[in-house]
Amino acid sequence: MPKFLVIQAARFGDLVQTKRLLLSLALRGEVHLAVDASLVPLARVLYPFAELHALSVHGRPEAEALARSTAVLVRWQGLHFEAVYNCNFSGTTAALCRVFEVEQVQGYRPEAGGISRSPWARLGFRLSERRALATMNLVDFWAHFAPEPVEPRKVNPAATPGGRGLGVVLAGRESRRSLPVPVLAEVVRTAFGALGGPRILLLGSRTEQPAARQLMRHLPGKLLDRVEDCSGKTDWPALVDAVDDLDALITPDTGIMHLGAHLGVPVLGFFLSSAWLHETGPYGEGHHVWQTARSCGPCLETAPCPYDVACGQPLAQVELLRSIAAVLARLKSGAPFAAAQAESWPPLPADLQLWRTGMDALGTLPYLLAGSDPHARERGYVRDFLAARLHLSMTDESAVLAPQAPNLEEWLYNDADWMLPPGRYC
Amino acid sequence: MPAAPLRILVVLPMYGGSLPIGRYCASALSGLGHSVRVFEAPLLHPAFTGLRGLGLAPAQTAQLENSFLQVVSQAVWAQVQAQEPHLVLALAQAPIGRSLLQRLRRSGVRTAMWFVEDHEVFDYWKAYAPLYDVFAVIQKEPFLSMLSGIGQGNSLYLPLAAQPDFHKPLELTEQEKREYGADIGFLGAGYPNRRLAFRQLVGRDFKIWGSDWDGESLLAPHVQRGGARIDADESVKIYNATRVNLNLHSSLGTAELVSKGDFVNPRTFELACMGAFQLVDRRALMPELFAQDELATFGTLEEFYAGIEYFLAHPDERHAFAARARERVLRDHTYEQRMAALLDFVEQRLGPWPVELGSSGGMPSDVEAVLSPEIRRDMAAMLQGLGLGPNAGFDDVINALRARSGVLTETEAALLFLDEWRRQYGKK
Numbered sequence: 019m020p021k022f023l024v025i026q027a028a029r030f031g032d033l034v035q036t037k038r039l040l041l042s043l044a045l046r047g048e049v050h051l052a053v054d055a056s057l058v059p060l061a062r063v064l065y066p067f068a069e070l071h072a073l074s075v076h077g078r079p080e081a082e083a084l085a086r087s088t089a090v091l092v093r094w095q096g097l098h099f100e101a102v103y104n105c106n107f108s109g110t111t112a113a114l115c116r117v118f119e120v121e122q123v124q125g126y127r128p129e130a131g132g133i134s135r136s137p138w139a140r141l142g143f144r145l146s147e148r149r150a151l152a153t154m155n156l157v158d159f160w161a162h163f164a165p166e167p168v169e170p171r172k173v174n175p176a177a178t179p180g181g182r183g184l185g186v187v188l189a190g191r192e193s194r195r196s197l198p199v200p201v202l203a204e205v206v207r208t209a210f211g212a213l214g215g216p217r218i219l220l221l222g223s224r225t226e227q228p229a230a231r232q233l234m235r236h237l238p239g240k241l242l243d244r245v246e247d248c249s250g251k252t253d254w255p256a257l258v259d260a261v262d263d264l265d266a267l268i269t270p271d272t273g274i275m276h277l278g279a280h281l282g283v284p285v286l287g288f289f290l291s292s293a294w295l296h297e298t299g300p301y302g303e304g305h306h307v308w309q310t311a312r313s314c315g316p317c318l319e320t321a322p323c324p325y326d327v328a329c330g331q332p333l334a335q336v337e338l339l340r341s342i343a344a345v346l347a348r349l350k351s352g353a354p355f356a357a358a359q360a361e362s363w364p365p366l367p368a369d370l371q372l373w374r375t376g377m378d379a380l381g382t383l384p385y386l387l388a389g390s391d392p393h394a395r396e397r398g399y400v401r402d403f404l405a406a407r408l409h410l411s412m413t414d415e416s417a418v419l420a421p422q423a424p425n426l427e428e429w430l431y432n433d434a435d436w437m438l439p440p441g442r443y444c
Numbered sequence: 364m365p366a367a368p369l370r371i372l373v374v375l376p377m378y379g380g381s382l383p384i385g386r387y388c389a390s391a392l393s394g395l396g397h398s399v400r401v402f403e404a405p406l407l408h409p410a411f412t413g414l415r416g417l418g419l420a421p422a423q424t425a426q427l428e429n430s431f432l433q434v435v436s437q438a439v440w441a442q443v444q445a446q447e448p449h450l451v452l453a454l455a456q457a458p459i460g461r462s463l464l465q466r467l468r469r470s471g472v473r474t475a476m477w478f479v480e481d482h483e484v485f486d487y488w489k490a491y492a493p494l495y496d497v498f499a500v501i502q503k504e505p506f507l508s509m510l511s512g513i514g515q516g517n518s519l520y521l522p523l524a525a526q527p528d529f530h531k532p533l534e535l536t537e538q539e540k541r542e543y544g545a546d547i548g549f550l551g552a553g554y555p556n557r558r559l560a561f562r563q564l565v566g567r568d569f570k571i572w573g574s575d576w577d578g579e580s581l582l583a584p585h586v587q588r589g590g591a592r593i594d595a596d597e598s599v600k601i602y603n604a605t606r607v608n609l610n611l612h613s614s615l616g617t618a619e620l621v622s623k624g625d626f627v628n629p630r631t632f633e634l635a636c637m638g639a640f641q642l643v644d645r646r647a648l649m650p651e652l653f654a655q656d657e658l659a660t661f662g663t664l665e666e667f668y669a670g671i672e673y674f675l676a677h678p679d680e681r682h683a684f685a686a687r688a689r690e691r692v693l694r695d696h697t698y699e700q701r702m703a704a705l706l707d708f709v710e711q712r713l714g715p716w717p718v719e720l721g722s723s724g725g726m727p728s729d730v731e732a733v734l735s736p737e738i739r740r741d742m743a744a745m746l747q748g749l750g751l752g753p754n755a756g757f758d759d760v761i762n763a764l765r766a767r768s769g770v771l772t773e774t775e776a777a778l779l780f781l782d783e784w785r786r787q788y789g790k791k
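First to last, the sequence lines map onto chains A and B.
Counting from 1 along the first sequence, just add 18 to a position and that's the residue number in our numbering.
Counting from 1 along the second sequence, just add 363 to a position and that's the residue number in our numbering.
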């Protein structure tokens, strides 16, 4: 049986988003997964079929950690992998891949003087040059590092309320991408009412404990009896258990959001600033995301915001609360969402959109329920382009509409890819 | 048919399957009497591989690749300036980028692409097709409508063909028959559908030629020369020496090994033109190109295997099919016919070819006045040597001479001298 190694040395959310690639390889052979040692307990729960390899890539270099990674390299040399999938454009994982023949490594390859990218990985980078127009979930991007990935619908269960209450994720790694606590308190109060007063679990790491306390100060007293503050109190398996079977999960773009999608918990996502639903939205059918859509977004996480995070303003409007109540009422009723797009949804402030996740042949695809999307045609065009590149047949006829944005062809169709030999890394 | 010979620049790709077709096009256009120059992009391919061999950082290599393509593009433009062609004909993957196509359009040079690829596999036509004046393809609907939808109103269905002076029956030596011959043979790349379909032929007198058969352990004993690429000259010998040539159109998928696609591949026409017997899978566009009794076909794997057995046992039927197929190709499917159809289409859609006074189609009066009888006599032979038709004009001769490398005869040098002399005195 062939052996495959997947190296995913990034964070919690990235590990969950590697699922489709891992499931695809598991159908063809024995899957080995290399992650940072801190994530091994989580990986064990998420991917029980994979043999795990603990790397030490997070934190400062230490002798013990180096010895651990070296031991991993020794082990790899004896395993004779058919292919190695390096998911990270990173010097550290590229260095680890030097123990393999270069042709064995897929995705990001170590080369003299740098890292070369597969044609597909290069395309992903090209899409990130015009993020507002691009549309490919990171789960699908990594999945296509390997040929013929598993069907998108087989990755995560469709979102279904589980009966165990409301989860509230307190913040992402970047506070700019999270709802301010007073706004979050209003969102929680609205959701609590719409769901008929369920228990509320506050989720996050130890870092989020002050935010948890702050949130509770903003919540009405009648809710506090139902609040259970789990922030900083769960290890990985306990976190998975806490999220499992929730009725809904209120969250910014976080690792816990991806965990919720992995478990089929309905996600109510709030994306602003650099967070972009079309790249890192929840994977699977039936999740809802409120995405801010100012012309300056999505922005770079690392760049200072010259507008004082103005994209957060539409999320502080009362229209958002009405929109949340409508989505949750529909979710609670159990009515099918098939015709959701055709229905009338409460209006949203300018620069705010409500999306619901669905599926096409390529993978997860968000559908707009409320608000306006000035880039719909371009995104349809890009989706069609990606499907053609992957030889997928798409049934969405919207893709044939003529896009409005200039230079789309120059952006997507690279002269070198057409005129020089295909399949080359650079 | 153009009234006068045209100057045509054929731009070849640097590598790949459309490269030999580009050469056949150039040869056919010359055969039609036009003045043809070929942009030899394959000459530049080693520069590309050399760049990659320098061991530079990937980011630098990527930048250099883009710069390299710009240089190639400039070289095409330089050739356009030198030849002043009536038409630039590009084959799929030819190194003509968007900016050069826009430049050619601004300059009034007509452009045509023969996209000899499957539009579903290569989607780049979406970006380039609207920039060509004419876009010829090997598939019909829905491709033609899709081209129209993106603004290419001058698309033409132009099926592939054969080159009779190259794809011809050969008398092989006994040694060649031993080397190339087999009951069953296949020449081509190891696409997934072929790998699976051919497994049942393991153990037979079966030779597989061509590349990309790595990792196919069952078929490995049948793969000749370790899967090395086979050049065009040898391919003619292989086809001629094989009793049953297999022609299974390629497919990336393995769900349907006989893919039932639309276009007919070049191998079909080439084998037919050689008078070599082939067993080919049926294609949607095949019935209008070949009659049922001209090609032995199959639609399923069962028919495929049964066909091999039947035709191995019935050599007379093999020969009859092969003879009828050859006759049909010579009558209807040569590259000269395709190129004539293309030029007619260009003229029909874009209007008559520009007439250049005192140029093509005759000798300017000042040239007529000074040519000696000896030079006139030598010119007839010279035209043939330059690949020009009998009606080539003085400018065509001069352009062809400028492009020729090596030592010239005294007549050729005298004509170049005359042209320079005329330029000096502002005759042009």
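Cβ atoms here follow ideal geometry from the backbone N, Cα and C, with glycine treated the same way.
Every value quoted in this text rests on a predicted model; they were computed, and no experiment measured them.
W572/B (DSSP reduced to helix, strand or coil): strand
Between which two residues does the beta strand (DSSP E) containing E534/B stretch? E534/B -> no beta strand (DSSP E), and no H or E assigned at all.
Do R135/A and C329/A count as a contact pair if the criterion is CB distance below 9 Å? no
Between P458/B and M476/B, what straight-line distance do the alpha-carbon atoms span, to the nearest angstrom? 12 Å
Kindly give me the distance between the Cβ atoms of G64/A and F163/A, rounded to whole angstroms, as I take these residues to be in contact under 8 Å. Inspection of the sequence shows that residue 64/A is occupied by Leu rather than by Gly. Contact flag wrong, Cβ pair sits at about 18 Å.
Beta strand (DSSP E) segments (min. 3 residues) lying fully within the region 581-663 of chain B: 605-610, 641-644 and 659-661
For the alpha helix (DSSP H) containing Q733/B, list its first residue and its last residue. The question names Gln, but residue 733/B in the sequence shown is Val. Unbroken alpha helix (DSSP H) run through V733/B: S728 to V733.
Alpha carbon to alpha carbon, how far is R694/B from A525/B? 11 Å
Separation of V484/B from A492/B, as counted between CA atoms: 15 Å
For the structure I just gave you, are there three or more beta carbon pairs, one from the region 183-197 of chain A and one from the region 214-227 of chain A, closer than 8 Å? yes
Excluding the 5 residues flanking D391/A on each side, which residues of the same chain have their C-beta closer than 7 Å to its C-beta? Q371
Less than 8 Å between the CB atoms is what I'm expecting for L642/B and A659/B, so what's the real figure, rounded? 5 Å
Distance, Q700/B Cα to R765/B Cα: 29 Å
Which chain B residues are close to C444/A, counting only those with a beta carbon under 7 Å from its beta carbon? P421, T424, A425 and E428
When you check each C-beta in the region 441-466 of chain B against every C-beta of chain A, which residues fall closer than 7 Å? Q456, P458, G460 and R461
How do the region 511-522 of chain B and the region 534-552 of chain B stand: do at least 3 beta-carbon pairs fall below 8 Å, yes or no? no
P584/B versus A404/B - alpha carbon distance: 36 Å
Residues in the region 422-434 of chain A with C-beta within 8 Å of chain B's C-beta atoms, listed in sequence order? E427, E428, L430, Y431, D433 and A434
Relative to the alpha-carbon of L286/A, which residue among V345/A, L57/A and L333/A has its alpha-carbon at the smallest distance? V345/A
DSSP-derived helix/strand/coil call for S362/A: coil
Against chain A, does L615/B count as a neighbour if the rule is that its beta carbon must be under 9 Å from one of theirs? yes
So the alpha helix (DSSP H) K489/B belongs to, where does it begin and stop? W488 to Y491
CB contact flag (L581/B, R562/B, <9 Å): yes
May I have the straight-line CA-CA distance separating Q456/B from D741/B, to the nearest angstrom? 40 Å
Between which two residues does the alpha helix (DSSP H) harbouring S462/B extend? R461 to R469
What does I268/A pair with, by DSSP beta-bridge criteria? V186/A and L286/A
G132/A versus chain B: which residues are under 7 Å apart at the beta carbon? A420, P421 and A422
Between A321/A and chain B, is any beta-carbon pair separated by less than 9 Å? no
Among all the DSSP beta bridges, which residues are the ones paired with N104/A? I25/A and G125/A
According to DSSP, which residues form a beta bridge with G131/A? None; G131/A has no bridge partner.
Thinking just about the alpha-carbon of each residue, which of Y495/B, A425/B, K489/B and A744/B is nearest to the one in F506/B? K489/B
Spatial neighbours of F667/B within its chain, please: C-beta separation below 6 Å, excluding the five flanking residues on both sides. F661
Less than 9 Å between CB atoms is the rule here; does F632/B satisfy it with respect to chain A? no
Mind pulling the chain E residues with CB within less than 7 Å of L432/B? In summary, chain E is missing from the structure at hand, where the protein chains are A and B.
Any chain B beta carbon closer than 9 Å to M19/A: no
If I follow the unbroken beta strand (DSSP E) through H409/A, where does it start and stop? Neither: H409/A is in no beta strand (DSSP E) and is coded neither H nor E.
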